[in-house]
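Participant: Residue numbers (the UniProt record's numbering), protein chains in the order written: chain A, 1 to 361; chain B, 1 to 361.
1. Please list, in chain order, the chain C residues whose beta carbon lies closer than 8 Å to that of residue 177 of chain B.
2. Under 8 Å, with one C-beta from each stretch per pair, do the stretch 283-291 of chain A and the stretch 340-350 of chain A reach the 3-pair mark?
3. Between which two residues does the alpha helix (DSSP H) holding residue 223 of chain B run?
4. Once the 5 residues before and after residue 201 of chain B are set aside, which same chain residues still bring their CB inside 6 Å of it?
5. Any Cβ of chain A within less than 7 Å of the Cβ of residue 321 of chain B?
6. Quick check: what's the CA-CA separation for residue 121 of chain B versus residue 115 of chain B?
7. In whole angstroms, what is the alpha-carbon distance linking residue 105 of chain B and residue 210 of chain A?
8. Give the residues of chain B in contact with residue 221 of chain A, contact being defined as C-beta atoms less than 8 Å apart.
9. Could one say the Cβ of residue 287 of chain A lies closer than 7 Å to chain B's Cβ atoms, at least one of them?
10. Count the other CB atoms within 10 Å of the CB of residue 107 of chain A; is the residue buried (16 or more) or exposed (fewer)?
11. So that I know if they touch, is there some Cβ in chain B lying closer than 7 Å to that of residue 22 of chain A?
12. Residues of chain B with CB under 8 Å from residue 352 of chain A, in chain order?
13. Throw me the rounded Cβ distance for the residue 350 of chain A and residue 317 of chain A pair, which I believe falls under 8 Å.
14. Determine the DSSP secondary structure at residue 30 of chain A, reduced to helix, strand or coil.
15. Do we get a CB-CB distance below 7 Å when we pair residue 372 of chain A with the residues of chain B?
16. May I have the straight-line CA-CA distance separating residue 60 of chain A from residue 190 of chain A, to the nearest angstrom?
17. Closer than 7 Å by C-beta to residue 164 of chain B: which residues in its own chain qualify, once you throw out the five before and the five after it? Chain order, please.
18. Looking at the secondary structure, which residues open and close the beta strand (DSSP E) in which residue 320 of chain B lies?
19. In chain B, what lies closer than 7 Å to residue 317 of chain A by C-beta?
20. Which residues in the same chain have their Cβ closer than 8 Å to the Cβ of residue 329 of chain A, if we skip the five residues on either side of it in sequence?
21. So residue 126 of chain B and residue 152 of chain B are in contact, right, with Cβ under 8 Å, and what is the actual spacing, rounded?
22. With C-beta atoms as the reference, is residue 44 of chain A less than 7 Å away from residue 29 of chain A?
23. In chain order, what residues of the stretch 37-71 of chain B put their CB closer than 7 Å to some CB of chain A?
24. Taking just the CA atoms, how far does residue 265 of chain B sit from residue 221 of chain B?
25. Provide the residue span of the alpha helix (DSSP H) that contains residue 326 of chain A, from first to last.
26. For residue 314 of chain B and chain A, any beta-carbon pair shorter than 7 Å?
27. On the CB-based measure, 16 or more other CB atoms within 10 Å of its CB, does residue 10 of chain A come out buried or exposed?
28. Checking contacts by CB at 7 Å: is residue 345 of chain A closer than that to chain B?
29. Verify the CB distance criterion: does residue 311 of chain A have a CB-CB separation below 7 Å to chain B?
30. DSSP three-state label for residue 37 of chain A, please.
31. What does residue 8 of chain A reach in chain B if we use C-beta pairs closer than 9 Å?
32. Give me the residue from A/23, A/13, A/332 with the minimum Cα distance to residue 208 of chain A.
33. Check whether the Cβ atoms of residue 281 of chain B and residue 39 of chain B lie closer than 7 Å to each other.
34. So with CB distances below 9 Å, who are the chain A contacts of residue 192 of chain B?
35. Could you check if residue 247 of chain B is buried or exposed, using at least 16 other CB atoms within 10 Å of its CB as the buried criterion?
36. Please state if the CB of residue 303 of chain A and the CB of residue 334 of chain A are separated by a distance shorter than 7 Å.
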């Protein structure tokens, strides 16, 4: 079977790496000259809205998927009708737009912080009056790793925030105090079967994910599974999805969804019976899903900007390296490390050893 | 770091797949037009004794290794001096010749069945008189999967066996009744560190490996570790080695060694903390070795000749597919399946389900 992937970054790369043992051929479409996914997959080079290239991909592939939700709308529109595209258009339209996400969450009874669409300076002022401060103003699309966001703490911040990111469709979101950020990685097969990984606890710094750690049997897991299941059903979803939530102490508030494999699920490569990448491929290819049970105790550390010394990391028992083959650049995700151990205490000790080896980003 | 691999079959392919997450670039040298390893590594196409090609590989690579021990002697000879080659020339000269293997085992005090070199019909008769029957006549080099062997049960078989495979250097080996075949996969780093996987129990049919199953804490493990350690030290070995042994009930008899990753170690991809492929790469690249502890209970089934239905296998919990991307052909290893479970009983049930799905070879 042949799988086309829009995007040849590290997510496309790890999808392709998971595909080879399954006997799946993969081609990434990516405008880069040598995107890191091209080391392990065929590469069609060009823009995501190059209709001729999309047709070539559709002719070659049995199914097309994507590694990021910000693909130009022309791409899935052109592909649809020529080749199955999973996850489907509604999932993509939802996942690429924060307002659509929050609106769908509300429709499905999934709790969220309060929010309002903002399309003008006046609308921003009205939204601030309604929601109160502090609040966060965000671009509806194209934001990632904390980009395209402005925090409003007092009334005087309103104009500055508008000046900074106004002029594109925005959303204002209530800032709710929370104890931790968690994510639910779930997968739904073409036959409707659903699987859920243990809830993962995420630690961000400056908007960039630093660490993710599965917390099997977390007291909030049942709620997160419930919410993710509603999304999967409502979107007739096929593939892996990530639902990011805030744990506000007494309840979870859904923050955003990503209709794709997700950084907070990278620990599943060694830390779960079947990785999120393999399960995404199984789903979009119409194959049975694999077990999502944890294997030992694990956690993932992102490598931001620069890589540590390979030998130092590999000297730590249970440390598994994932270099993406990307050049170093401040703030760029260039790899990750998953640490696995037989007990929580052992994991903690190993994690601490690995953290000390990571260069400042 | 750049690793050159002589041979681009499934072993080269799985080495390359293990190399990408470590940030290692791999190039396979292989005469085939599209060997299955070339899907995940760069490919230099040509014969193994093509000196120009070997020089190109040596110039590109930081270290060269191989996926099979029958490389023409010209290859390591040409490479040596230009680039480090691991495992080294003595390991290769030993592993490619059954007489050299047995002679080294004897020298190191590792028990073997009785054996004698056979270079003529008369020498064969003398060896039979000395060793007795039954015995097996084997080519010293190039035999694999039961090829190049003739069993002698009575005196009348002597001429037939000679006529069948005589004319090349041979070895006659005593047939010793044994309870099971086992193998020790071990690895030694550039710094001399040694690691040993649990002893694996192997089931062959018609000379072809069908199943391998790690047996942690096997009563014979200590002996196998001792023997493998003697080999690693004596050969100043760097990389993964496989030592195949017969369990004769009261003792182990060494049968052969392979100076490379080995089919009976494929279960380590999911069934051990670090796979034999990753540990081979770590060793030849001078990196610290990874833990060889088992992860859950696992076993490997080879796929011979034809592939089963992907969806049927993936419906079995804990079943992990490894298709090699090779065309079907009777007797050809085209893939393997590793089954993992939390208990021995659960593993047995899953294995039985998978066995029923395998087409007759």
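Virtual Cβ for every residue (Gly too), placed ideally from N, Cα, C.
Facilitator: Taking the geometry as given:
1. Absent from the structure: chain C. Protein chains present are A and B.
2. no
3. 221-234
4. 180, 182, 213, 215
5. yes
6. 16 Å
7. 51 Å
8. Within chain B, no residue comes near residue 221 of chain A; the closest Cβ sits about 20 Å away, beyond 8 Å.
9. yes
10. exposed
11. yes
12. Result: empty, since nearest Cβ-Cβ is about 18 Å, beyond 8 Å.
13. 6 Å
14. strand
15. Residue numbering for chain A in the displayed model covers 1 to 361; residue 372 of chain A lies beyond these limits and cannot be assessed.
16. 21 Å
17. 150
18. 319-323
19. 291
20. 305
21. Not confirmed; about 13 Å, so no contact.
22. yes
23. 39, 40
24. 15 Å
25. Per DSSP, residue 326 of chain A belongs to no alpha helix (DSSP H) and is neither H nor E.
26. yes
27. buried
28. no
29. yes
30. helix
31. Simply none; closest approach about 14 Å.
32. A/332
33. no
34. Residues of chain A passing the Cβ test: none, with the nearest at roughly 15 Å.
35. buried
36. yes
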